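Structure first, commentary second.
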DNA sequence: CCTAAAATGGAATGTCCACTCTAAAAAAGG
DNA sequence: CCTTTTTTAGAGTGGACATTCCATTTTAGG
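Chains as they are written, first to last, in the working numbering: chain A, 206 to 419; chain B, 206 to 419.
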């Protein structure tokens, strides 16, 4: 398995990184992440990434064996970004207010970027699932973590009696995640947040309809 | 506006098509549609499409000015396919049974293709929204038609008193469509239909929770 | 300091890919 | 039939793109 145990701490060939090297590598990954989100994985050229990141060919290939390795690093990076963002929002969820705040956060983020770009993980998934097995597996794991965050939030609500104890939390979390993905894709296409708002509101209202304490 | 008024009836330069020409054009569009769905728009090479469709370069460029024109034809074709499929399923919707049958149809189709490929329109959208304005507009229209089909179904239910008269049908239709898209993307990534089933079931159950007659 | 390793520089290579061009075969239609 | 249009043939082109290679500069650590 070509897994990097410690992220971003080695270059090609397992060579260690100096602070400077780590910074360069980081800059490449961040630039690649942005470009791949903006124009897709295929259209984000190595040349483009080089130019925007301000590095040259050797630097890029010093830190990544090939474009595929860079793609996998981008997946890790975007997963980290999304998970961090949603963790702070979801770990405070103790009731429907928290869930609504989470919904608002997602909508606000999309609006802030003018409905451009969609989901950092979802768009990678769309680009890569059918043509890159390693990527598909990594993205599956990303979705899993994200789903886990949601499950934890719902679980807290369940413990507090806000959701029925016989509710299948895992399934509900998966449905919420799907709602986010679909809402983002539609909103990205339509360039307005209505679709995202509608699907998330309905998903949350559905849970509300199950709530015993209401 | 570069709209083709009558689909598939002219070659480049507005030339009319003989039956033979129409067949060739059709074969190209169908092959391109399949390949673009399977490997994405970028990776579906003109060469690949030629080889699989059994045509040569001249034939392809006789019917399509460039790859972009082919892409737009593929969008039209896939839209037609999806709309036709969902119309037969949705125009019978008069109650929740019909909605559930529609859900089952979507799940069955995905299962039949082993969760490979995702949504013919959704994956085009993901590939093209950020880099191809004409495509984005066309796909926006595709989603709109699809949404209209759903709205009609919900409207029938509303007329029959199965859904409350004050329900925002448009918003509900949009949410359902988003659920389909998100469910398909997740299921495609996970290679199982659970995500699609979960999000659609919840979306339908939400509508059920609003139903006066129940 | 001095040496080994890491980081940077950038030209060069070969493949892939969308698209063009010239020409011939087939079909329409008067 | 004979002319015009449509369809098929397929070699060729120029650019884009991922990757390689050789060389120099910078940093780490004893």
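Every residue gets a Cβ at the ideal spot worked out from N, C-alpha and C, and that includes glycine. Just so we're clear, the structure is a prediction, and the values are computed from it rather than from any experiment.
Min CB distance residue i to chain A below 8 angstroms
{"i": "residue 304(B)", "result": "no"}
{"i": "residue 388(B)", "result": "yes"}
{"i": "residue 316(B)", "result": "no"}
{"i": "residue 245(B)", "result": "yes"}
{"i": "residue 416(B)", "result": "no"}
{"i": "residue 411(B)", "result": "yes"}
{"i": "residue 231(B)", "result": "no"}
{"i": "residue 345(B)", "result": "yes"}
Residue i burial status per 10 Å Cβ neighbour count (16 or more: buried)
{"i": "residue 407(A)", "result": "buried"}
{"i": "residue 208(B)", "result": "In this prediction, residue 208(B) has a pLDDT of 38, which is less than 50 and means its spatial position is unreliable; what the coordinates show is noted afterwards. Classification for residue 208(B): exposed."}
{"i": "residue 424(A)", "result": "Residue 424(A) is absent from the model: chain A starts at 206 and stops at 419."}
{"i": "residue 346(A)", "result": "exposed"}
{"i": "residue 250(A)", "result": "exposed"}
{"i": "residue 238(A)", "result": "buried"}
{"i": "residue 333(B)", "result": "buried"}
{"i": "residue 263(A)", "result": "exposed"}
{"i": "residue 219(A)", "result": "exposed"}
{"i": "residue 214(A)", "result": "exposed"}
Nearest-angstrom Cβ-Cβ length linking residue i and residue j, presumed shorter than 8 angstroms
{"i": "residue 322(B)", "j": "residue 242(B)", "result": "5 angstroms"}
{"i": "residue 384(A)", "j": "residue 377(B)", "result": "About 13 angstroms; that fails the 8 angstroms criterion."}
{"i": "residue 387(A)", "j": "residue 318(B)", "result": "Rounded, the Cβ-Cβ distance is 19 angstroms, inconsistent with contact."}
{"i": "residue 253(A)", "j": "residue 240(A)", "result": "6 angstroms"}
{"i": "residue 358(A)", "j": "residue 298(A)", "result": "4 angstroms"}
{"i": "residue 245(B)", "j": "residue 335(A)", "result": "7 angstroms"}
Residue i versus residue j - alpha carbon distance
{"i": "residue 216(B)", "j": "residue 228(B)", "result": "12 angstroms"}
{"i": "residue 292(B)", "j": "residue 356(B)", "result": "12 angstroms"}
{"i": "residue 400(B)", "j": "residue 269(B)", "result": "38 angstroms"}
{"i": "residue 344(A)", "j": "residue 329(A)", "result": "8 angstroms"}
{"i": "residue 276(A)", "j": "residue 340(B)", "result": "26 angstroms"}
{"i": "residue 415(A)", "j": "residue 278(A)", "result": "40 angstroms"}
{"i": "residue 266(B)", "j": "residue 286(B)", "result": "24 angstroms"}
{"i": "residue 397(A)", "j": "residue 391(A)", "result": "9 angstroms"}
{"i": "residue 349(B)", "j": "residue 365(B)", "result": "24 angstroms"}
{"i": "residue 372(A)", "j": "residue 280(B)", "result": "40 angstroms"}
{"i": "residue 413(A)", "j": "residue 230(A)", "result": "45 angstroms"}
{"i": "residue 320(A)", "j": "residue 382(B)", "result": "18 angstroms"}
{"i": "residue 404(B)", "j": "residue 379(A)", "result": "7 angstroms"}
{"i": "residue 316(B)", "j": "residue 290(B)", "result": "16 angstroms"}
For residue i, the nearest candidate out of the options (CA to CA)
{"i": "residue 337(B)", "options": "224(B), 412(B) and 273(B)", "result": "273(B)"}
{"i": "residue 261(B)", "options": "232(B), 299(B) and 325(B)", "result": "232(B)"}
{"i": "residue 306(A)", "options": "295(A), 315(A) and 316(A)", "result": "295(A)"}
{"i": "residue 362(B)", "options": "302(B), 271(B) and 245(B)", "result": "302(B)"}
{"i": "residue 234(A)", "options": "304(A), 354(A), 259(A) and 412(A)", "result": "259(A)"}
{"i": "residue 368(A)", "options": "353(A), 411(A) and 342(A)", "result": "411(A)"}
{"i": "residue 353(B)", "options": "324(B), 327(B), 288(B) and 333(B)", "result": "288(B)"}
{"i": "residue 284(B)", "options": "244(B), 342(B) and 255(B)", "result": "342(B)"}
{"i": "residue 351(B)", "options": "325(B), 331(B) and 218(B)", "result": "325(B)"}
{"i": "residue 257(B)", "options": "248(B), 263(B), 246(B) and 236(B)", "result": "236(B)"}
{"i": "residue 409(A)", "options": "308(A), 327(A), 360(A) and 290(A)", "result": "308(A)"}
{"i": "residue 394(B)", "options": "395(A), 226(A), 331(A) and 389(A)", "result": "331(A)"}
Proximity test, Cβ basis, 8 angstroms: residue i and chain B
{"i": "residue 354(A)", "result": "no"}
{"i": "residue 382(A)", "result": "yes"}
{"i": "residue 273(A)", "result": "no"}
{"i": "residue 278(A)", "result": "no"}
{"i": "residue 287(A)", "result": "no"}
{"i": "residue 399(A)", "result": "yes"}
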